[in-house]
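**Q** Dropping a structure here in structure tokens format, bear with me for questions.
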Amino acid sequence: MASPTVAANAYANLARILDASASLGKSSEAGGASAANLARIMEGGLGPAGQSNGPSFGTVLKDAISGVMDAGRKSDTQTVAMAQGKANVMDVVTAVAETDVAVSTLVSVRDRVIQSYEDIMKMPI
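As structure tokens, this is what we get:
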């Protein structure tokens, strides 16, 4: 189980990543659910002159990371509430399970992106 220090460092690192991507001005679009953004990308395709009709990949990635961070914060909040006697054990278990699924999904996406990058780098020019 991760210690509070490890969790705090992970949140700080994710916040820095999000701040860095926001300062680059990748998109002015308001945040939303990452599943909705993925659906728009799948439906949108490319418009005239090769311009994308959907959000940028950076925006989708930022939303996904935000979702993982929110799940982690919810899990931590539920854990603290249980330690104070204010929460049910089932609520804590559910929150931790949701966080585990979110992190596992994010790791799977990361692995697939890295694999795709390596495949592209192996292509002959």
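Quick note: the sequence shown, position 72, residue 272 per the numbering used here, numbers continuous. Just so it is clear, CB atoms sit at the ideal spot from N, CA and C, and this is done for glycine as well.
#1: Taking the alpha-carbon of residue 292 as reference, which of 322, 280, 302 and 262 has the nearest alpha-carbon?
#2: Which of the three DSSP states is assigned to residue 286 in this structure?
#3: Let me know the secondary structure DSSP gives residue 265 once reduced to three states.
#4: Assuming residue 267 contacts residue 295 (C-beta within less than 8 angstroms), just tell me the rounded distance between them.
#5: How is residue 254 classed by DSSP in three states: helix, strand or coil?
#6: Consult DSSP for residue 325 and reduce its assignment to one of helix, strand or coil.
#7: So the candidates are 325, 321, 318 and 309; which of them puts its Cα closest to the Cα of residue 264?
#8: Measure the Cβ-Cβ separation of residue 272 and residue 299 and say whether it is below 9 angstroms.
#9: Straight-line CA distance for residue 282 to residue 288?
**A** Walking through what the data contain:
#1: 280
#2: coil
#3: helix
#4: Actually they do not touch by this definition, with Cβ atoms about 14 angstroms apart.
#5: coil
#6: coil
#7: 309
#8: yes
#9: 6 angstroms
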